[in-house]
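Here's the structure, in structure tokens; my notes come after.
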Amino acid sequence: MNAAPPPKSQSADSAPLGFAEFVSLIAAMMALTALGIDSMLPALPAIGEALGVSEPNDRQYVITAFLLGFAFAQLAYGPLSDRFGRRPVLAIALACYVVTTALAAVSGSFVLLLVARAAMGTAAAGARVVSVALVRDCYAGRAMARVMSLAFIVFMAAPIIAPSLGQLVLFAGSWRLIFWAVAIISMAVVAWFWLRMPETLPLSARLPLTPRRVVGDYMKVLQDRCAVGYTLAIALLSGAMFGFIGSIQQVMADVFHRPELLAVIFPCVAGTMAVGSFVNSRLVMTVGMRRISHSALAGMIALAAVHLAVAWSGRETILSFTLLQALMMGCMGLANANFSAMAMERMGEIAGTASSLQGFITTLGGAVIGAAVGQAFDGTTVPLYVGFLLMGLLSFGIIAITERGRMFKAS
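For the working numbering, count along the sequence shown from 1 and bump the result up by 1223.
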């Protein structure tokens, strides 16, 4: 595969805001996706009851519809932001997220709710794609990995807080109030972005919006060995994570018979991803992206094998589930920010389009794999950890091919 030229800079000289505010705003925009997904988890039984969904596994489509809309829309946002700039495209996407969340709140049928959820995902895709491109406008290499790690710490506050927020809203009233709460939070993020974030893509760097240019840039991404390899690895790991998100409510209710503990267990598990990202932000500049991420992936595979053995033995307890799942998510936190940075390492000139294609592949692949894992739920945690182990092994194999067998190297 042909490699594009290396990035011109790995400094923060072009960051338009102070470092802390820049990272926090990027994280807040990315967190809207997690908030839109995870706040729904405690409400899935209530949604099913209110809208006549009798099959428990079918309630998972509330998550899947969002992810499918999120996946396909990413293909458009990157080329649009490379042509018109980051600021207008991202502002429109965030505003649409508010409107589609309100539509979900007033949905009168399950079909209409799924349509609204797909539209929410379509809008949220802009926050994901353009935020990554915006970071790449300002940072590269290990510096970008550090920024993404720190943003991921703040980003992970959403899955830590979101189920608890959803549960509190359910205590206060209808599941529809959850969507209204998400819409209000989204409005605050829109205002913050519009008032504080200037344009990061100068007019001289903008690219024409033509099919030939877009397809040509997609081919540049697909011809880059690291971009393809690490994108596929992220897709596989995302599939395992989405399988967990889709299954967790049923796991708590049907395996452990403690659905009320979802708002406690989920933050305990998700919080370790934030811890992993924080550790990565402290180490990546000296240890290197590859050493950290490859070691973390190997650790996740070993933990998944142990957890699968526990599940198969029939000795799974809520304590073993929480501990082992939390450790695996910590390994994911160490790996994911580095994988994202390495996938974008040579994409500086086409950051928006590259982020679009990579986001499409990772989200669509993750959604399909996650849906398969979720639909395989059989009243035990075995399908979930078969998924984690297989996705981990496949990811490791793909990365080994990408790096031509030279794993765990410094750079």
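All residues carry an ideal CB built from backbone N, CA and C; glycine is no exception.
Under the rule that 16 or more other beta-carbon atoms within 10 Å means buried, what is R1369, buried or exposed?
-> Looking up residue 1369 in the sequence shown gives position 146. Buried, by the Cβ-count rule.
Does DSSP put P1268 in a helix, a strand or coil?
-> Numbered from 1 along the sequence shown, position 45 holds the residue referred to as residue 1268. If DSSP states are grouped into helix, strand and coil, P1268 belongs with the helices.
Any chance the region 1307-1326 sits against the region 1401-1419, with 3 or more Cβ pairs inside 8 angstroms?
-> yes
Leaving out five residues before and five after P1421 in sequence, what residues of the same chain have Cβ atoms less than 6 angstroms from its Cβ?
-> For the purposes of this step, residue 1421 is identified with residue 198 of the sequence shown, where counting begins at 1. Cβ neighbours of P1421 beyond the five flanking positions: P1239.
Decide if R1435 is buried, meaning its Cβ has at least 16 other Cβ atoms within 10 Å, or exposed.
-> Looking up residue 1435 in the sequence shown gives position 212. Exposed is the call here.
Under 8 angstroms Cβ to Cβ from I1592, same chain only, skipping five residues before and after it: list those, please.
-> Along the sequence shown, read from residue 1 onward, the residue named residue 1592 stands at position 369. These residues qualify, in order along the chain: A1458, L1459, S1461, G1462, A1463, F1465, G1466, G1610 and M1614.
Starting from F1489, follow the alpha helix (DSSP H) in both directions and report where the run begins and ends.
-> On the sequence shown, residue 1489 is found 266 positions in, with the first residue counted as 1. L1485 to V1510 is the span of the alpha helix (DSSP H), which, as asked, contains F1489.
To the nearest angstrom, report how far apart N1280 and S1427 are at their CA atoms.
-> Within the sequence shown, the letter at position 57 stands for residue 1280. Within the sequence shown, the letter at position 204 stands for residue 1427. Going by the C-alpha atoms only, they are around 50 angstroms apart.
Proximity of A1347 and G1469 at Cβ, strictly below 8 angstroms = For this step, residue 1347 is matched to residue 124 along the sequence shown. For this step, residue 1469 is matched to residue 246 along the sequence shown. Against a cut-off of 8 angstroms, the Cβ pair of G1469 and A1347 comes out as no contact.
Cβ distance (whole Å) where Q1472 is taken to contact L1264 below 8 angstroms | Walking along the sequence shown from the start, residue 1472 turns up at place 249. Walking along the sequence shown from the start, residue 1264 turns up at place 41. Correct: roughly 5 angstroms between the Cβ atoms.
Starting from the C-beta of M1523, find all residues in its chain whose C-beta is less than 6 angstroms away, skip the five residues before and the five after it, and write them out in chain order.
-> Residue numbering aside, residue 1523 sits at position 300 when the sequence shown is read from its first letter. So the qualifying residues of the chain are M1551, C1554 and G1615.
How about P1311 and S1579: do their beta carbons lie closer than 8 angstroms?
-> Taking the first residue of the sequence shown as 1, we reach residue 1311 at position 88. Taking the first residue of the sequence shown as 1, we reach residue 1579 at position 356. Contact: no.
A1404 and L1393 closer than 8 angstroms at C-beta | If you number the sequence shown from 1, residue 1404 lands on position 181. If you number the sequence shown from 1, residue 1393 lands on position 170. No; because the gap between Cβ atoms is not below 8 angstroms, this pair is not in contact.
C-alpha distance - G1331 paired with G1271, whole-angstrom precision = On the sequence shown, residue 1331 is found 108 positions in, with the first residue counted as 1. On the sequence shown, residue 1271 is found 48 positions in, with the first residue counted as 1. The alpha-carbon atoms of G1331 and G1271 are separated by roughly 12 angstroms.
On the premise that A1328 lies in contact with R1399, defined as a C-beta separation below 8 angstroms, what is that separation, rounded to the nearest angstrom?
-> To locate residue 1399, count along the sequence shown from 1; it is residue 176. To locate residue 1328, count along the sequence shown from 1; it is residue 105. Rounded, the Cβ-Cβ distance is 5 angstroms, consistent with contact.
Going by other Cβ atoms of all chains shown within 10 Å of its Cβ, with 16 needed for buried, is K1231 buried or exposed?
-> For the purposes of this step, residue 1231 is identified with residue 8 of the sequence shown, where counting begins at 1. The predicted position of K1231 is uncertain, since its pLDDT is 40 and thus under 50; a value taken from the coordinates is nonetheless stated next. By the neighbour-count rule (16 or more Cβ atoms within 10 Å), K1231 is not buried but exposed.
Between G1511, S1518, G1494 and I1541, which lies nearest to A1476 when the distance is taken from Cα to Cα?
-> Position 253 of the sequence shown, counting from 1, holds the residue named residue 1476. Out of G1511, S1518, G1494 and I1541, I1541 has the C-alpha closest to the C-alpha of A1476.
For A1273 and L1617, the rounded distance between their alpha carbons | Here residue 1617 corresponds to residue number 394 of the sequence shown, with the count starting at 1. Here residue 1273 corresponds to residue number 50 of the sequence shown, with the count starting at 1. Rounded to the nearest angstrom, the two C-alpha atoms are 40 angstroms apart.
Which residue from D1261, T1604 and P1268 puts its Cα closest to that of F1289?
-> Within the sequence shown, residue 1289 is the residue found at index 66, counting from 1. Out of D1261, T1604 and P1268, D1261 has the C-alpha closest to the C-alpha of F1289.
Take every Cβ of the region 1566-1584, pair it with every Cβ of the region 1521-1538, and state whether three or more of those distances are shorter than 8 angstroms.
-> no
Just the C-alpha distance for I1315 and F1375, rounded to the nearest angstrom, thanks.
-> Residue numbering aside, residue 1315 sits at position 92 when the sequence shown is read from its first letter. Residue numbering aside, residue 1375 sits at position 152 when the sequence shown is read from its first letter. Distance between the alpha carbons of I1315 and F1375 is about 23 angstroms.
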